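Quick mapping for you: the protein sequence lines, in order, are chains A and B.
Mapped onto the numbering used here, the consecutive letters of the first sequence carry residue numbers 1 to 328.
Mapped onto the numbering used here, the consecutive letters of the second sequence carry residue numbers 1 to 423.
Positions of the beta carbon are idealized from the N, C-alpha and C atoms, including for glycine.
Just so it is clear, the structure is predicted and the values come from calculations on it, not from any experiment.
Here's the structure we're looking at; comments come further down.
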Amino acid sequence: MKEELLKYNSVAVVGTAKNVGKTVTMNYILSQLRDCGRILGLTSVGYDGEGIDQVTETAKPEITLYDGMIFTTAEQQYASRRLTAEILEISGRRTSVGRPVTARVKVRGKCIISGPADTWSLRNLIQRYRELGVDLTLVDGAQSRMSLASPTVTDAMVLATGAALSANIQQVVMATRFACQLIEIGECSDDFKRIFKECTKGVWTLSEDGTLRLTEIKTALSGNIPEMDGVKAIYVSGAVGDRFVERLKMQNRTIELVVGDFTKLFLTQAVYAQLLRSKVHISVMYKSRLVAVTANPWSPQGFTMDSCELCDRLSEAIGVKVFDVKKL
Amino acid sequence: MNGIIDKIERLESFNLRNSVGRKALNLLTFITDIDALNEEYDWISKVGNVVNDVMEHALCEIQDIEGTIHRLANGEVLDDVQLYEIKHLAIVAAQVRNSGADWLENLSEVVTILDPNEEGIDTFYIYDSYDEQLAEMRRAWKEPTAEQFAAMSEVEDRVCKRLSRELKIWSTRLHDTLTELGLLDLRIAKWQMAEAENLTRPHFSADSSTTYRGLFNIETRNALKSKGKNYQAVDVKFGNYPTIVTGMNMGGKTVLLKSLVAAQELCQYGFFVPAAEAEVMIVDEVLVSIDDSQNHLSGLSSFAAEMLTVDSIIKTTERGRKVLVLIDELARTTNPVEGRIIVSKVVERLKQNGVPSFVTTHYDGIHGDYRRLRVKGLKENSKIADISEMESVIDYSLVETTEEEVPREALRVAEMLGIKLFL
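Following this line, the structure appears as structure tokens:
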């Protein structure tokens, strides 16, 4: 996993659910990369109310940071750190848990990492890290924030999954495979990329004769679909929901549906399966790169799956090596 | 917030670089002391001479750390985040100072305290060199346990305490520097706005009069400019007496009043003014009755709202305050017979009280020995193809007149606007 990670400038660690071992995964990655000779940067999708887990009311877990790593966390979390660090910058942006502090680790230790939550700030931070000499930025993601794994924000991703998703091993495998399927959706042709690159807001159609048109449809989250006569491709700049896809599929026409990237797809497994069998072909402008999948056999409800079986079945279903977080 | 400040902030040419500059803007007051105003204008010119990219860039880095400085002054122990803030301020202030703002306090000793390794960069932590014991601990414990970490924290706290004590005597100078940096930011913004909008430094008249040559309204001029049109600036002079302004509809009477308000307020808030030349008399207050739109909500008719406003203006002028008064189309919402009486009474009172004031009106027959200005109005044989060309056929300049009759051009204007009823 180490060599694979070092190919990228930024990698997001995201989970399929809570308690799937995201923090264990992050700690493992950091320990693996500690002596790699590169400068590592770390941040986490945190503040603006996420300093503390809103669901379970437990504090975000601490991450172990090693000498020379650069991290950004909220002032409050910075004050309660258990490591020695040199303050590099304090942002002027104020949040409920104080300003974001960026620092370099002098003596290893633990700290709760709670960085900017919106993709715009995150993108800026990754850019700022590069200016500070960071070679690889790792982003610890929140479960509900798949958006930070968007290829427009981070170059690649690590997916954490596990028993917390469901008590049934088959369900865990299915749900994880579905997540991977979306991540693995292929890119559209270079022609389409060139044409749709300039399309910002809205739903666009491209006809057989090459005419590009902005439709009146405001959102692809509802069941309204554009006029289909002579249309060979539809580009949706925003999110796409089940009803849009279902209606599109019912038209029974050969058509390509292009979206920005997989984080724009808000589809259920069943609808996606139907889509794959239909004449609608789906593609993305920017494809995500999945570096690795980790699995956690332990569930917060108290039961544990057979980790060998879990990892084997996951590997078989998604075709990449799956790491057991308990053995990391 | 003050109306003129809001308007300034909306200008594209007015830009502050940091929150202390914004604070300085919010603290601006209406200045009535000529020496204080002249001093401010001197500052703006001085700042305009020294401002450069390095200075502007450094000013963007300034953050408002008044709270931290206050804690330092109170003898509290600052933590590493707060010490970083102090160091950052001292280093950035030195950059600003070295880039030309040589009147700023020299804070190099603050930097020395917080940069024991003489690295010259604005990062900070409790350096090993602060405490031999701390250095030893860090050397010995590469992967400290919780207890070891607590022991190190204790030593770090000791260092923080010592540094806070050493820095305390600098708190006043740090505070002053922060304030000065805010003023500098604001003055750069004032200078750049003056440059971009062609504003001029006002002078103060020895006698009680104001003279503008080439007075203009910034917003109106910019709006016209964006349509590729020219704005006709006007010359106007006034003293401690009322001026009745008459002229055709669309003749720029309201814009004139707004320009006079803006020029007076900009001047006394310490800005340069929108004119080619300006000699201004200082007033205590500017009071206006220009449009009644905000009064609709209070349930008053436009006439009632206007009367209450005018009444309060008159009362203020009789309280011994020097007030510049601007009233647009007084009593326009009532019948002309009584409207004329209201205008006469108000103007007469303003004259008795020696109030520098402007009252625009369409009513004629305001008898009396008053100073009167008339907008020249439609040029000879003017014809337009479209409403948008209207301003090309109007001469907005003001002429002194003794006529009590007002120009009769309303029907012609309506006709030019293409309103069928009158054709």
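key: Per-residue contacts from residue 106 (chain A) into chain B (C-beta, under 8 angstroms)   = The CB of residue 106 (chain A) comes closer than 8 angstroms to the CB of 125 and 138 in chain B, given here in chain order.
query = When Cβ atoms are compared, which residues of the segment 61 to 78 of chain A fall closer than 9 angstroms to chain E?
reply = This model lacks chain E altogether, as its protein chains are A and B.
Interface residues of chain A facing residue 110 (chain B) [CB-CB closer than 8 angstroms] = What residue 110 (chain B) touches in chain A: nothing, since even the nearest Cβ is about 16 angstroms away.
Best match in B:42, B:149, B:413 and B:344 for proximity to residue 426 (chain B) [C-alpha to C-alpha] = A question about residue 426 (chain B) goes unanswered here, because the residues of chain B that appear run from 1 up to 423.
ask   = Any chance the segment 13 to 21 of chain B sits against the segment 191 to 201 of chain B, with 3 or more Cβ pairs inside 8 angstroms?
value = In short, these stretches touch, since the Cβ pair count reaches three.
task = With 9 angstroms as the C-beta to C-beta threshold (strictly closer), list the residues of the segment 22 to 36 of chain B near chain A in chain order.
result = Cβ contacts with chain A come from no residue of the segment 22 to 36 of chain B.
ask   = If we ignore side chains and look at the alpha-carbon of each, how far apart do residue 187 (chain B) and residue 69 (chain B) end up?
value = For residue 187 (chain B) and residue 69 (chain B), the distance between alpha carbons rounds to 23 angstroms.
ask   = By the criterion of Cβ-Cβ separation under 8 angstroms, what are the contact partners of residue 63 (chain B) in chain A?
value = Those within 8 angstroms of residue 63 (chain B) in chain A are 90 and 92.
inquiry  = What would DSSP say about residue 284 (chain B), mapped onto helix, strand or coil?
reply    = Looking at residue 284 (chain B) - three-state DSSP - the assignment turns out to be coil, as it is neither helix nor strand.
ask   = Which of helix, strand or coil does DSSP assign to residue 379 (chain B)?
value = Coil.
Closest by C-alpha distance to residue 254 (chain B), when choosing among B:289, B:83 and B:229 = In terms of Cα proximity to residue 254 (chain B), the closest of B:289, B:83 and B:229 is B:289.
ask   = For residue 84 (chain A) versus residue 106 (chain A), is the C-beta distance shorter than 8 angstroms?
value = In terms of Cβ geometry, residue 84 (chain A) and residue 106 (chain A) form a close pair [threshold 8 angstroms].
ask   = So which residues on chain A does residue 144 (chain B) lean against when the C-beta distance must stay under 9 angstroms?
value = What residue 144 (chain B) touches in chain A: 82, 83, 84, 107, 108 and 109.
ask   = Which word fits residue 50 (chain A), buried or exposed, when buried means at least 16 other C-beta atoms lie within 10 angstroms of its C-beta?
value = Annotation note: pLDDT 48 at residue 50 (chain A) (below 50); position unreliable, coordinate value reported separately. Residue burial is scored here from C-beta neighbours: residue 50 (chain A) has at least 16 other C-beta atoms within 10 angstroms and is therefore classed as buried.
query = Candidates A:108, A:175 and A:290: which alpha carbon is nearest residue 31 (chain A)'s?
reply = Checked all of A:108, A:175 and A:290; the closest Cα to residue 31 (chain A) is A:108.
query = With distances taken between CB atoms, is the gap from residue 156 (chain A) to residue 11 (chain A) smaller than 8 angstroms?
reply = For the pair residue 156 (chain A) and residue 11 (chain A), the CB atoms are nearer than the 8 angstroms cut-off.
inquiry  = What does the alpha-carbon distance come out to for the pair residue 200 (chain A) and residue 237 (chain A)?
reply    = Between residue 200 (chain A) and residue 237 (chain A), the C-alpha separation is close to 6 angstroms.
ask   = Which class does residue 47 (chain A) belong to by DSSP, given the choice of helix, strand or coil?
value = Any answer about residue 47 (chain A) is weak, because its pLDDT of 47 lies below 50 and its placement is not dependable; what the coordinates show is given next. The answer is coil: DSSP assigns residue 47 (chain A) none of H, G, I, E or B.
Contact check, residue 137 (chain A) vs residue 25 (chain A), beta carbons under 8 angstroms = No, Cβ-Cβ distance for residue 137 (chain A) and residue 25 (chain A) is not below 8 angstroms.
ask   = Are the C-beta atoms of residue 396 (chain A) and some chain B residue less than 8 angstroms apart?
value = In the structure displayed, chain A extends from 1 to 328; residue 396 (chain A) sits before or after that span and is not available.
ask   = Are there 16 or more other CB atoms within 10 angstroms of the CB of residue 272 (chain B), so buried, or fewer, so exposed?
value = Buried, because 16 or more other Cβ atoms sit within 10 Å of the Cβ of residue 272 (chain B).
task = Hey, could you find the ends of the beta strand (DSSP E) residue 401 (chain B) is sitting in?
result = Here the beta strand (DSSP E) through residue 401 (chain B) covers 394 to 401.
request  = Report all residues from its chain with a CB closer than 6 angstroms to the CB of residue 2 (chain A); omit the five preceding and five following residues, and keep chain order.
outcome  = Taking C-beta separations shorter than 6 angstroms and ignoring five residues to either side along the sequence, the partners of residue 2 (chain A) in its chain run 32, following chain order.
message = So, under 8 angstroms CB-CB, residue 192 (chain A) and residue 258 (chain A) are touching, yes? Tell me the CB distance rounded to an integer number of Å.
response = Right, the Cβ-Cβ distance comes to about 6 angstroms (below 8 angstroms), so this counts as a contact.
query = Shortest alpha-carbon distance to residue 256 (chain B) belongs to which of B:241, B:231, B:268 and B:270?
reply = Ranking B:241, B:231, B:268 and B:270 by Cα distance to residue 256 (chain B) puts B:231 first.
message = Can you confirm whether residue 195 (chain A), when its beta carbon is compared against all beta carbons of chain B, has any partner nearer than 8 angstroms?
response = It does not; no Cβ of chain B falls within 8 angstroms.
Alpha-carbon to alpha-carbon, residue 303 (chain B) and residue 395 (chain B) = Here the alpha carbons of residue 303 (chain B) and residue 395 (chain B) stand approximately 31 angstroms from one another.
request  = Ignore the nearest five residues each way along the sequence and tell me which others in residue 373 (chain B)'s own chain have a CB closer than 6 angstroms to its CB.
outcome  = Excluding positions up to five away in sequence, the list reads 243, 245 and 398.
message = Considering Cα atoms alone, identify which of B:343, B:321, B:420 and B:71 is closest to residue 411 (chain B).
response = The closest CA to that of residue 411 (chain B), considering only B:343, B:321, B:420 and B:71, is found on B:420.
ask   = If we count the other Cβ atoms within 10 Å of its Cβ and call it buried at 16 or more, is residue 388 (chain B) buried or exposed?
value = So residue 388 (chain B) counts as exposed.
query = Can you list, in chain order, the residues of its chain whose CB lies under 7 angstroms from that of residue 5 (chain B), leaving out five sequence neighbours each side?
reply = Excluding positions up to five away in sequence, the list reads 25 and 28.
query = Taking the Cβ atom as the reference point for each residue, do residue 101 (chain A) and residue 129 (chain A) lie within a distance shorter than 8 angstroms?
reply = Residue 101 (chain A) is not a Cβ neighbour of residue 129 (chain A), given a cutoff of 8 angstroms.
task = Could you work out which residue in B:88, B:167 and B:355 is closest to residue 320 (chain B) when comparing CA atoms only?
result = Residue B:355 is the option with its Cα nearest to residue 320 (chain B).
ask   = Helix, strand or coil: how does DSSP classify residue 157 (chain A) here?
value = In the structure shown, residue 157 (chain A) falls within a strand segment according to DSSP collapsed to helix, strand and coil.
query = Hey, would you say residue 359 (chain B) sits closer than 8 angstroms to residue 347 (chain B), going by beta carbons?
reply = At the C-beta level, residue 359 (chain B) and residue 347 (chain B) come within 8 angstroms of one another.
request  = From the DSSP output, in three-state form, read off residue 101 (chain B) for me.
outcome  = When secondary structure is reduced to three states using DSSP, residue 101 (chain B) falls in the coil class, being assigned neither helix nor strand.
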